[in-house]
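By my numbering, the letter at position 42 of the sequence shown is numbered 42, and the numbering carries on one by one without gaps.
Inspection log for the structure reproduced underneath, given as structure tokens.
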Amino acid sequence: MTEQTDWLKDVDNLDPTCPLHMNSVRAYLSVRTQLVESVMNIITTVSSYVKTFFIPLMVMTTSVPYFCISIMWRMFSKFIFPEQIWAKVDDSMYSIYQRFVLFLFEYVSGAELIFYGVDPCSVELRGSGNIIYLFNHQSSLDWVVGDMLAVRRGRLGSLRYILKDTLQYVPLYGFYFYLHGCVYVRRAGRFRPEISGQQLDFIKNFNVPTSFVLFPEGTRFSANNKHASEKSAQFAKEFGVAIPEYTLLPRVRGLYWILNHLRENLKFVHDVTILYERLDGIHQIPNMLTTVCNWRSTRIHIKLDCIPLYDVPRDEVPLRKWLFERFAAKENYLKQFNENGQAFPGEPSYFKPLPLRETLPSVLLVAFLTMPFMVTQWLDVFAFL
Numbered sequence: 001m002t003e004q005t006d007w008l009k010d011v012d013n014l015d016p017t018c019p020l021h022m023n024s025v026r027a028y029l030s031v032r033t034q035l036v037e038s039v040m041n042i043i044t045t046v047s048s049y050v051k052t053f054f055i056p057l058m059v060m061t062t063s064v065p066y067f068c069i070s071i072m073w074r075m076f077s078k079f080i081f082p083e084q085i086w087a088k089v090d091d092s093m094y095s096i097y098q099r100f101v102l103f104l105f106e107y108v109s110g111a112e113l114i115f116y117g118v119d120p121c122s123v124e125l126r127g128s129g130n131i132i133y134l135f136n137h138q139s140s141l142d143w144v145v146g147d148m149l150a151v152r153r154g155r156l157g158s159l160r161y162i163l164k165d166t167l168q169y170v171p172l173y174g175f176y177f178y179l180h181g182c183v184y185v186r187r188a189g190r191f192r193p194e195i196s197g198q199q200l201d202f203i204k205n206f207n208v209p210t211s212f213v214l215f216p217e218g219t220r221f222s223a224n225n226k227h228a229s230e231k232s233a234q235f236a237k238e239f240g241v242a243i244p245e246y247t248l249l250p251r252v253r254g255l256y257w258i259l260n261h262l263r264e265n266l267k268f269v270h271d272v273t274i275l276y277e278r279l280d281g282i283h284q285i286p287n288m289l290t291t292v293c294n295w296r297s298t299r300i301h302i303k304l305d306c307i308p309l310y311d312v313p314r315d316e317v318p319l320r321k322w323l324f325e326r327f328a329a330k331e332n333y334l335k336q337f338n339e340n341g342q343a344f345p346g347e348p349s350y351f352k353p354l355p356l357r358e359t360l361p362s363v364l365l366v367a368f369l370t371m372p373f374m375v376t377q378w379l380d381v382f383a384f385l
């Protein structure tokens, strides 16, 4: 065997007419190819498991220490600093953590962002003051799209959500989002006056910068959620409008209440329509987990319409009609996309992920601050084992 392979040490001594040499070359190349393929398969498998389990675990592990630090800051600052100082620091902390989240969902996931309509990075929008975002709601990924829009306006920290009433009972999360200024609403579309009024009064009286994200449908649209679809159809019949197939009929009470409470503090309503395109051949709306774990598997089409507040009706009945019309347009876009594969009309703008200089410092800071918590947890795990 040694005599047959010694020639490999000196390639110049190869004799192309020698069958022994040629057979040895073929065997060597075959073994090397198989070895490279095996190594690449191992790397791919390990990478898949890392993205599937480690990344979601990292998000969950870092969120709890972040919420704890934010709540402790609130408790500490309440008796020392004015409310405006607390709100500014809280918004800065929220922006830092959400940039860490955006690093995962834009840079790590490789999701493609395609914008239509108003450019979210335009100078006019960056200085447009307080606004309300109106979203159609299909996926748990929708709230990350809110981050993607807000960070390009330079208002990531001021992002606040209108949340379902039941979410306030989620341990730690519910309390933190209340402190951050999010507003909880009942499923029936009615705000809790004792809680929601205090939240909106705080924003109004102290002129806290705010970008509200509102999902007027009340819950996520899903073809499997028959109960929500039936309620939407019943609601449509009551108001004599067409029954939607790809959205749920929106409820107006929340939007009406916020507009009347904060109208002088708001400048625009941003109507946002989202279309999700799976690039992995799976005909299913992506969620947060599948987007992060599958590299370049998701393409997000976002249409942004900027509506001045003076074009939004004041009274509830005209406002309901206006909201129905906005969602009828969303319904048409979604229907066309699902049936023909066509996204929005107009010239698309392809956006690259945020540059690392805008996200990596937040990633490093979050990792540094949460390291003591993570080390403690892992030591407890090893001690248990």
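Idealized CB from N, CA, C, for every residue including glycine.
Given the structure is predicted, the values throughout are model-derived calculations rather than measurements.
> Going by DSSP, which residues form a beta bridge with LYS321?
Replying inline: For LYS321, which the question treats as bridged, DSSP gives no partner whatsoever.
> How do the stretch 327-336 and the stretch 166-182 stand: do at least 3 beta-carbon pairs fall below 8 angstroms, yes or no?
Replying inline: no
> ASN340: buried (16+ other C-beta within 10 angstroms of its C-beta) or exposed?
Replying inline: exposed
> What do you reckon, are the CB atoms on ILE131 and PHE76 nearer than 9 angstroms?
Replying inline: no
> What is the C-beta distance between TYR161 and CYS182, in whole angstroms, given that I count them as a contact (C-beta under 8 angstroms)?
Replying inline: 5 angstroms
> Using CA coordinates, which residue listed in TYR97, ARG278, PHE100, ILE71 is at the minimum distance from TRP86?
Replying inline: ILE71
> Starting from THR298 and walking both ways along the alpha helix (DSSP H), at which residues does that stretch end?
Replying inline: No alpha helix (DSSP H) contains THR298, which is instead part of the beta strand (DSSP E) from 298-308.
>> With H, G and I counted as helix, E and B as strand and the rest as coil, what does DSSP make of TRP7?
In response: With a pLDDT of 44 at TRP7, under the threshold of 50, the modelled position of that residue is not reliable, and no figure is offered here.
> What number of angstroms, rounded off, separates the C-alpha of ASN225 from the C-alpha of PRO372?
Replying inline: 42 angstroms
> Do the stretch 291-311 and the stretch 266-280 touch if we need at least three Cβ pairs shorter than 8 angstroms?
Replying inline: yes
> For HIS245, does the three-state DSSP call read helix, strand or coil?
Replying inline: Per the sequence shown, the amino acid found at residue 245 is Glu instead of His. Reduced to three states, the DSSP call for GLU245 is coil.
> Just checking my contact of TYR109 with ASN287 at CB under 8 angstroms: how many whole Å lie between their CB atoms?
Replying inline: For the sequence presented, residue 109 should be read as Ser rather than Tyr. Contact doesn't hold; Cβ gap of about 12 angstroms is too wide.
> Mind checking whether LEU113 and LYS352 have CB atoms under 9 angstroms apart?
Replying inline: yes
> Per DSSP, which one or two residues make a beta bridge with VAL183?
Replying inline: ILE162
>> I'd like to confirm the pairing. Which residues does DSSP put opposite LEU134 in its beta bridges?
In response: LEU214, ASP271
>> DSSP three-state label for PHE221, please.
In response: coil
> When the Cα atoms are used, what is the spatial distance from GLN284 to ASP119?
Replying inline: 28 angstroms
> By a C-beta neighbour count over all protein chains shown, 10 Å radius and 16 as the cutoff for buried, is PHE368 buried or exposed?
Replying inline: exposed
>> Can you give me the C-alpha to C-alpha distance between LEU262 and GLN199, rounded to a whole angstrom?
In response: 11 angstroms
> Among ILE69, TYR133, VAL317, PHE221, which residue has its Cα nearest to the Cα of CYS239?
Replying inline: The question names Cys, yet the displayed sequence has Phe at residue 239. Considering only alpha carbons, the answer is VAL317.
>> With a threshold of 6 angstroms on Cβ separation, who are the neighbours of GLU217 within its own chain once the five nearest residues in sequence on each side are excluded?
In response: HIS137, LEU248, PRO250
> Taking C-alpha atoms, which residue in PHE221, GLY346, ASN260 lies nearest to PHE327?
Replying inline: PHE221
> In this structure, does DSSP put ILE282 in helix, strand or coil?
Replying inline: coil
> Are the beta-carbon atoms of LEU354 and VAL312 separated by less than 9 angstroms?
Replying inline: no
> Which class does PHE368 belong to by DSSP, given the choice of helix, strand or coil?
Replying inline: helix
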